[in-house]
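The structure under discussion appears below in the form of structure tokens.
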Amino acid sequence: MKTPILFLFLLSGFIAQQVSAQDDLMKMALENTDSTKSKIISTFKTTKLISAQTNETVHKRTLDFRIGHLFGNVGEESNGGYHTLYGLDASNDIRISFEYGITDRLTVGVSRCKRLENLEGLVKYRIFEQTTDNKMPLAVTVFANSAISTVENRENAVYPKTVDRLSYTLQLILARKFSSHFSFELLPTLVHRNYVFDANDNNDILALGAGGRLKITRSTSLVADYFYNFDPLRKPNNGYWYNPLGIGFEIETGGHVFTIMFTNAVGILENDFIPNTTDTWSKAGFKFSFNISRNFRL
Amino acid sequence: MKTISKFLTIILVLAGPATNAQNIFVCTGGEITFFSHSTVEDIDATSKSMNSILNIATGEIVYVVPMTSFKFKKALMQEHFNDKYVESDKYQNASYKGKISEKIDYKTDGEHDITSAGTLNLHNVDKEHTEKGKLIIKDGIISIQSEFKVAVKDHKIAIPRLLADNIGDSVKVTFTAKYAPYKKDK
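So this is what it looks like as structure tokens:
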């Protein structure tokens, strides 16, 4: 009868001894600390990779001013070559955009693209964020835009009504940061065009984008993205349309992100490059391109 | 047997106060701020998630603060802090293990100047620190305040040359921790 009591006394003495050492105090302190529940940050460095959006949104009360420039095709076969200094004399597309973070999750923006004279309004919302404890293994962001093409009507290219000039993109961005060096994303995308000039063409186009970032140093990364088109007319080897593929190099300095890249995409806007890319890497139909992003805190 | 058990009980009761859980005081949600001054900009961030445990019998004290709990005024700065400088995904916490050298009567109210010698672990690099602070006992509640400097270089936190003007070489850290007796059932 006495032995269990003795045992308990010894045990309690033992437990008390345990918490006296610094390391055990540290263990106790760590138990109270929930640093494991935090959200994963910086899956990507900025809101776009090359052509693809990322799951990142603009921080609250911050304005992201972006300039995207897409030069002409590099190869002679694709109207580039020596006389355009391998595309540098041509500018296929220029996009200037202002994106503003209303909250850390909600971004709204406007942009102008040179190609098709598109004026775009966009909204982006972070639905889920990846967590360090992997209870939420993915970051999920939704992106939507609508754009109006203000080009003049020409022969074979007449929009019957003003609403015909509108096009839309709806995109889900599923991203995961696998390690501090590697992030990957998938982007199921629907592009809807109110009007298409060719009666055989489809108004709705479904595509799946994929993109990744491989960090090289603390401030530089290799980036790449690709869009696979599910549209029956745009299946591989159709001989006219191609899937856009871009590879690039990203440099981040405090407040700026520069991306220099090569891509066969014809435009910068989803509503344009997903249905309209007719250049191919195999005929040197890729272009030099760059993006500059500057963040201003308002 | 009876004698031995009595003897041991007495020993344990006598030895108890030195090592007993009663001597453990816990602080959760302490406030810690760091401040860096440079000619270009001032950077400051605050966390209200610092945990600390104090053993009043031995003077041993530990602190833990999750790096991602530091809130900055500029969100982009917070992102860079975690992603590029302290690498919060790899090294989640900053911690300190030390020992208060002064003998303090914790049963009576009062203010004491204290010195703690120990090790600061930040960015997974240890650095010895002997720092001064103030310990206040009022109505059974212990609180500790301190201010000290941490050199960014000591913890292998590299700042790119381009941004060297924006971030000060040393960072001033201040904190306040309030302690309550440890409750086992928590």
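Keeping their order, the protein sequence lines are chains A and B. If you're matching positions, the first sequence starts at 1 in this note's numbering and goes up one per residue. If you're matching positions, the second sequence starts at 1001 in this note's numbering and goes up one per residue. Ideal Cβ placement from N, Cα and C applies to all residues, glycine included.
What residue does the alpha helix (DSSP H) around B:L1163 start on, and which one ends it?
-> B:L1163 -> no alpha helix (DSSP H), and no H or E assigned at all.
So, is the C-beta of B:D1044 closer than 9 angstroms to a C-beta in chain A?
-> False, the Cβ-Cβ gap to chain A never drops below 9 angstroms.
Start-end ranges of the alpha helix (DSSP H) lying completely within the segment 192 to 278 of chain A, minimum 4 residues | 270 to 276
By how many angstroms is the C-alpha of B:P1066 removed from the C-alpha of B:T1028?
-> 12 angstroms
Taking the Cβ atom as the reference point for each residue, do A:N92 and A:K287 lie within a distance shorter than 9 angstroms?
-> Yes, these two residues count as a Cβ contact at 9 angstroms.
How is the beta strand (DSSP E) around B:M1050 delimited, first residue to last?
-> Note, B:M1050: beta strand (DSSP E), D1042 to N1055.
Does any C-beta atom of chain A lie closer than 9 angstroms to the C-beta of B:Y1179?
-> no
Taking buried to mean at least 16 other C-beta atoms within 10 Å of its own C-beta, is B:H1155 buried or exposed?
-> buried
CA-CA distance, A:L106 and A:E185?
-> 19 angstroms
For A:K48, count neighbouring C-beta atoms within 10 Å of its own C-beta (all shown protein chains included) and say buried if the count is 16 or more, exposed if not.
-> buried
Cutoff 9 angstroms: A:G254 Cβ touching any chain B Cβ | So, interface residue.
Taking Cβ to Cβ, would you say B:I1056 is nearer than 9 angstroms to B:Y1106?
-> yes
Kindly indicate which three-state DSSP category A:Q171 falls into: helix, strand or coil?
-> strand
Does any CB atom of chain A fall closer than 9 angstroms to the CB of B:H1155?
-> no
Can you check whether the CB of A:T131 is closer than 9 angstroms to the CB of A:Q53?
-> no
In whole angstroms, what separates the C-alpha of A:P188 from that of B:K1153?
-> 45 angstroms
Could you tell me which residues DSSP pairs with B:P1181 in its beta bridges?
-> B:F1025.
Can A:R218 and A:H256 be called in contact, C-beta distance under 9 angstroms?
-> no
Who are the neighbours of A:I41 on chain B, taking C-beta pairs under 9 angstroms?
-> Residues of chain B passing the Cβ test: T1068, Q1078, E1079, N1082, D1083, S1088 and D1089.
Can you tell me whether DSSP reads B:H1112 as helix, strand or coil?
-> strand
Could you spell out where the alpha helix (DSSP H) holding B:L1076 opens and where it closes?
-> Boundaries of the alpha helix (DSSP H) harbouring B:L1076: A1075 to H1080, taken from the DSSP string.
Proximity test, Cβ basis, 9 angstroms: A:N229 and chain B | no
List, in order along the chain, the chain B residues whose C-beta lies closer than 7 angstroms to that of A:Q22?
-> E1060, V1062 and K1097
Is it a yes or a no for the segment 1039 to 1056 of chain B touching the segment 1068 to 1083 of chain B, going by three-plus beta-carbon pairs under 8 angstroms?
-> Yes, the segment 1039 to 1056 of chain B touches the segment 1068 to 1083 of chain B.
What's the call for A:R154, buried or exposed, on a 16-neighbour Cβ count within 10 Å?
-> exposed
Residue environment, B:E1125, which counts as buried when at least 16 other CB atoms sit within 10 Å = Reading off the sequence, residue 1125 of chain B comes out as Val, not Glu. By the 10 Å Cβ count, B:V1125 comes out exposed.
Do you know how far the Cα of B:Q1078 is from the Cα of B:T1033?
-> 13 angstroms
Cβ pair count under 8 angstroms reaching 3, the segment 120 to 131 of chain A against the segment 69 to 85 of chain A = The segment 120 to 131 of chain A vs the segment 69 to 85 of chain A: no contact.
Have a look at the DSSP bridge pairing and note the partners of B:H1129.
-> B:G1118
A:R165, DSSP secondary structure in three states | helix
Give the range of the beta strand (DSSP E) segment to which A:A139 is assigned.
-> A139 to S149
Residues within the segment 1118 to 1136 of chain B neighbouring chain A, beta-carbon criterion of under 9 angstroms = G1118
Indicate whether the contact test is met: 3 or more Cβ pairs, each with one atom in the segment 227 to 236 of chain A and one in the segment 59 to 74 of chain A, closer than 8 angstroms.
-> no
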